[in-house]
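Engineer: Structure incoming, see below.
Residue numbers (full-length UniProt numbering), protein chains in the order written: chain A, 1 to 101; chain B, 1 to 513.
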């Protein structure tokens, strides 16, 4: 049983336009059986934060190609991408490099 | 990688699987010390400092390698507020503030084009964006120009003309120019206390308010102009054509600003990811003949103002990381294709295609991009590169259309139009005068409209012709395009008439002699 986590989720490069233009979201992830990883976080974001057109942000179980993910200001490729296990007070940043955000 | 695992899977001693990269024990590939923050080029992890050095070096290397920007030259940075152009602006600022040995020696200015009217943004949203833009540009401290898209309705026809480059008097080579500049700077340095590496920006900021032309460009657009732009963009049937049209107008505006303020170079922020996408997009748009200009490092299609792309070796990932790590300010502005579905336009589709392929095959972008480097700007066989060769009215490239002896479907299509250019039959001649004397506003019959369309289409390259098919009417186009089209058409006809006489004359002369 993973304890609830407090995580900062941030969007940039135009990705925030899918989230009502709000860049920073301080969120509390509820406690659940399995540990919170990025894969779960994306599902949670899709359900709770995403305001419109989920296909422009999430494709399959990952982010749409062209959207970069930074965990605590580091490339998620260094940290296991979708399998990275979130810690309390982590910050996750999504930057869109797509044309028009 | 997968194959290695499959082939030798059984031979690997069974043990705890090696921890994935997530432990962050990995070190920077460059300095072997720093904690890596970004992975570039398939698996190379860089720490913050090494990444910065790598990034800055690449920018300067591109400029150094191409030796196209001369010291003291005025260079206009085309800044949209987006990731790449913001990064470019900051690279230039950083380059200016460096110690003299490594200092960038050109004189930059910045131009911003407010495209809100084309995307139907509300005046309040646009004002908000403009305020943001203004504050960033003011803090940059360079001379800057903000132009709204509406100003295409007051552009002069001269934008569409080709001006050949002035011969570089005296400073024929890059090396000489650099040496001369350094001597000059040293002279200045001994004369007075010149602490600031770029003494001019402040002065220029003041002086640019002076010229009338600059003033009219800087004025806020009128409601009627905004209405005209939005009517034009609303009339266009496809997003693809809208994007192309917007790109055309943006280029014309930037070119006009560059010319009126004496800038001989324009820098755009196209990254290598963007250029790879652009290359394939333009291929699909029928602009294959111009790929070398559209995606190369330097684009000399305008003659006197050369467009250069110094960010072309940086991937968008690098750009985004740099901007984030070093707090480069950007302005997010919704544009035509914001929130558009993936298949909304050729541009969008190609972007999705390339990026998705890139996610699976990390060398996709670089492979496509390398292709753009190898393209050579050779004139078509049997044609000389003279400035007087006909150029496309919209993209300003040398026309790629065959008017005769073409066996392609396109050739067959185009021979219909040029048939008007054939020596006029007596019948046609009789009809000629009323057509040539009519100005676009003098009658509004459908024949008139057809004639307008024909006279514009005739002067477009293949890609622009295809694009124009999505414009149901050409009348909402800005006047400078239409007037220039009519003028060129008229001139072509007159030239042909004169030529016939000249040939007859010369033949007569030969005969009599």
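No residue lacks a Cβ here, since even glycine has one placed at the ideal position from N, Cα and C. Since this is a predicted model, take the numbers as computed values, not measurements.
#1: Leaving aside the five residues before and after residue 331 (chain B) along the sequence, list all residues of the same chain whose C-beta is less than 7 Å from its C-beta, in chain order.
#2: Here's the rule I'm using: 16 or more other beta-carbon atoms within 10 Å means buried, otherwise exposed. How should residue 13 (chain A) be labelled?
#3: Heavy atom of the ligand ADP less than 8 Å from the Cβ of residue 486 (chain B), yes or no?
#4: Compile a chain-ordered list of the residues in the stretch 29-40 of chain B whose CB is closer than 7 Å to at least one CB of chain A.
#5: Sort B:305, B:220, B:375 by Cα distance to residue 160 (chain B) and report the nearest one.
#6: DSSP has residue 36 (chain B) in a bridge; who is on the other side?
#7: Should residue 301 (chain B) and residue 391 (chain B) be called a contact, given that it needs their Cβ atoms to be closer than 9 Å?
#8: With burial defined as no fewer than 16 other Cβ atoms inside 10 Å of the residue's Cβ, what is the status of residue 246 (chain B): buried or exposed?
#9: By the three-class DSSP mapping on this structure, what secondary structure does residue 24 (chain A) have?
#10: Between the Cα of residue 310 (chain B) and those of B:265, B:102, B:39, B:334, spot the shortest distance and give me the residue it belongs to.
#11: I'd like to confirm the pairing. Which residues does DSSP put opposite residue 109 (chain B) in its beta bridges?
#12: List the residues of chain B whose Cβ lies closer than 7 Å to the Cβ of residue 86 (chain A), in chain order.
#13: Straight-line CA distance for residue 76 (chain A) to residue 461 (chain B)?
#14: Against chain A, which members of the stretch 326-339 of chain B pass a CB distance test of less than 8 Å?
#15: Assign residue 138 (chain B) to buried or exposed, taking buried as 16 or more other Cβ atoms, counted over all protein chains shown, within 10 Å of its Cβ.
#16: Between residue 178 (chain B) and residue 329 (chain B), is the Cβ-Cβ spacing less than 9 Å?
#17: Exposed or buried, which one is residue 498 (chain B) when buried takes at least 16 other CB atoms within 10 Å?
#18: When the Cβ atoms of the stretch 109-121 of chain B are set against those of the stretch 354-362 of chain B, are three or more pairs found closer than 8 Å?
#19: Would the beta-carbon of residue 496 (chain B) fall within 9 Å of that of residue 393 (chain B)?
#20: For residue 4 (chain A), does the three-state DSSP call read helix, strand or coil?
#21: Based on Cα-Cα distance, which residue from A:87, A:86, A:63, A:67 lies nearest to residue 135 (chain A)?
#22: Closer than 8 Å, Cβ to any Cβ of chain A: which residues of the stretch 352-379 of chain B, in chain order?
#23: Can the beta-carbon of residue 42 (chain A) be found less than 9 Å from the beta-carbon of residue 66 (chain A)?
#24: Relative to the C-alpha of residue 33 (chain A), which residue among A:91, A:2, A:90 is closest?
#25: Do residue 19 (chain A) and residue 51 (chain A) have their C-beta atoms closer together than 9 Å?
#26: So the beta strand (DSSP E) residue 263 (chain B) belongs to, where does it begin and stop?
#27: Residue 91 (chain B) bridges to which residues according to DSSP?
#28: Report yes or no: do three or more beta-carbon pairs, one from the stretch 284-303 of chain B and one from the stretch 41-55 of chain B, lie closer than 8 Å?
#29: Taking just the CA atoms, how far does residue 295 (chain B) sit from residue 354 (chain B)?
#30: Going by beta carbon distance, what residues of the same chain come within less than 6 Å of residue 26 (chain A), once the five residues before and after it are set aside?
#31: Would you call the CB atoms of residue 94 (chain B) and residue 149 (chain B) closer than 9 Å?
#32: Can you find a C-beta in chain B that's less than 9 Å from the C-beta of residue 68 (chain A)?
#33: Which residues of chain A have a Cβ atom closer than 8 Å to the Cβ of residue 317 (chain B), listed in chain order?
#34: Looking only at its chain, what residues have a beta carbon closer than 6 Å to the beta carbon of residue 320 (chain B), apart from the 5 residues adjacent to it on each side?
#35: Under the DSSP definition of a beta bridge, which residues are partnered with residue 75 (chain A)?
#36: What's the call for residue 95 (chain A), buried or exposed, on a 16-neighbour Cβ count within 10 Å?
Structural biologist: On the basis of the data shown:
#1: Residue mapping note: residue 331 (chain B) aligns to position 331 of the second chain, counting from 1. The answer, listed in chain order, is 81, 129, 132, 133, 136.
#2: Residue 13 (chain A) sits at position 13 when you count from the first residue of the first chain. That one is buried.
#3: For the structure depicted, the ligand ADP is absent and the ligand set is empty, with no information on it obtainable.
#4: The stretch 29-40 of chain B vs chain A, Cβ under 7 Å: 36, 37, 38, 39.
#5: In the second chain, counting from the first residue as 1, residue 160 (chain B) sits at position 160. Nearest option by C-alpha distance: B:305.
#6: Taking the first residue of the second chain as 1, we reach residue 36 (chain B) at position 36. Per DSSP, B:47.
#7: The residue you call residue 301 (chain B) lines up with position 301 of the second chain. The residue you call residue 391 (chain B) lines up with position 391 of the second chain. Taking the C-beta atoms as reference points, residue 391 (chain B) is found nearer than 9 Å to residue 301 (chain B).
#8: Taking the second chain and counting its residues from 1, the one referred to as residue 246 (chain B) is at position 246. Buried is the call here.
#9: Walking along the first chain from the start, residue 24 (chain A) turns up at place 24. In the structure shown, residue 24 (chain A) adopts extended strand secondary structure according to DSSP, grouped into three states.
#10: Stepping through the second chain from its first residue, residue 310 (chain B) is reached at position 310. The shortest Cα separation from residue 310 (chain B) among B:265, B:102, B:39, B:334 belongs to B:265.
#11: Sequence index remark: in the second chain, residue 109 (chain B) carries index 109 (1-based). Beta-bridge pairing links residue 109 (chain B) to B:76.
#12: The sequence position of residue 86 (chain A) within the first chain is 86, counting from 1. Residue 86 (chain A) does not reach chain B, its nearest Cβ partner there being about 12 Å away, counting only Cβ pairs nearer than 7 Å.
#13: Sequence index remark: in the first chain, residue 76 (chain A) carries index 76 (1-based). Sequence index remark: in the second chain, residue 461 (chain B) carries index 461 (1-based). Note on geometry: alpha-carbon atoms of residue 76 (chain A) and residue 461 (chain B) lie some 45 Å from one another.
#14: Taking 8 Å as the Cβ-Cβ cut-off against chain A, the residues of the stretch 326-339 of chain B that qualify are 330, 332, 334, 335, 336, 337, 338, 339.
#15: Here the question's residue 138 (chain B) lines up with position 138 in the second chain. By the neighbour-count criterion, in which 16 or more other beta carbons inside 10 Å mark a residue as buried, residue 138 (chain B) falls on the exposed side.
#16: In the second chain, counting from the first residue as 1, residue 178 (chain B) sits at position 178. In the second chain, counting from the first residue as 1, residue 329 (chain B) sits at position 329. Judged by beta-carbon spacing, residue 329 (chain B) lies beyond the 9 Å limit of residue 178 (chain B), meaning their Cβ atoms are not closer than that value.
#17: Against the second chain, residue 498 (chain B) aligns to sequence position 498. Residue environment analysis places residue 498 (chain B) among the exposed positions, since fewer than 16 neighbouring C-beta atoms fall within 10 angstroms of its C-beta.
#18: Here the stretch 109-121 of chain B makes no contact with the stretch 354-362 of chain B; the two share fewer than three CB pairs at distances below 8 Å.
#19: As a first step, residue 496 (chain B) must be located in the second chain, where it is residue number 496. As a first step, residue 393 (chain B) must be located in the second chain, where it is residue number 393. Contact flag unset, no.
#20: Locating residue 4 (chain A) in the first chain gives position 4, where the first residue counts as 1. Residue 4 (chain A): coil per DSSP, three-state reduction.
#21: Shown here, chain A extends from 1 to 101; a query on residue 135 (chain A) therefore has no answer.
#22: Going along the stretch 352-379 of chain B in chain order, one finds 352, 355, 356, 358, 359 with a Cβ nearer than 8 Å to chain A.
#23: The residue given as residue 42 (chain A) occupies position 42 in the first chain. The residue given as residue 66 (chain A) occupies position 66 in the first chain. Note that the C-beta distance between residue 42 (chain A) and residue 66 (chain A) is not below 9 Å.
#24: Taking the first chain and counting its residues from 1, one reaches residue 33 (chain A) at position 33. Closest by C-alpha distance to residue 33 (chain A), out of A:91, A:2, A:90, is A:2.
#25: Locating residue 19 (chain A) in the first chain gives position 19, where the first residue counts as 1. Locating residue 51 (chain A) in the first chain gives position 51, where the first residue counts as 1. Residue 51 (chain A) sits close to residue 19 (chain A), with the two beta carbons spaced by under 9 Å.
#26: Locating residue 263 (chain B) in the second chain gives position 263, counting from the first residue. No beta strand (DSSP E) contains residue 263 (chain B), which DSSP labels as neither H nor E.
#27: What you label residue 91 (chain B) is simply residue 91 of the second chain in a count that begins at 1. Partner(s): none; residue 91 (chain B) has no beta bridge.
#28: Contact fails between the stretch 284-303 of chain B and the stretch 41-55 of chain B, because fewer than three Cβ pairs, one in each stretch, are under 8 Å apart.
#29: As a first step, residue 354 (chain B) is located in the second chain; it is residue number 354 there, counting from the start. As a first step, residue 295 (chain B) is located in the second chain; it is residue number 295 there, counting from the start. Straight-line Cα distance between these residues: approximately 16 Å.
#30: Counting from 1 along the first chain, the entry for residue 26 (chain A) is found at position 26. Around residue 26 (chain A): 8.
#31: Against the second chain, residue 94 (chain B) aligns to sequence position 94. Against the second chain, residue 149 (chain B) aligns to sequence position 149. For residue 94 (chain B) and residue 149 (chain B), no; Cβs fall outside 9 Å.
#32: For the purposes of this step, residue 68 (chain A) is taken as the residue at position 68 of the first chain. For residue 68 (chain A), the answer is yes, since a Cβ of chain B falls inside 9 Å of its Cβ.
#33: Locating residue 317 (chain B) in the second chain gives position 317, where the first residue counts as 1. Residues of chain A passing the Cβ test: 68, 97.
#34: Numbered from 1 along the second chain, position 320 holds the residue referred to as residue 320 (chain B). Apart from sequence neighbours up to five positions away, the residues of its chain that approach residue 320 (chain B) with a beta-carbon distance below 6 Å are 83, ordered along the chain.
#35: Along the first chain, read from residue 1 onward, the residue named residue 75 (chain A) stands at position 75. By DSSP's assignment, residue 75 (chain A) forms a beta bridge with A:70.
#36: Along the first chain, one-based indexing puts residue 95 (chain A) at 95. That one is buried.
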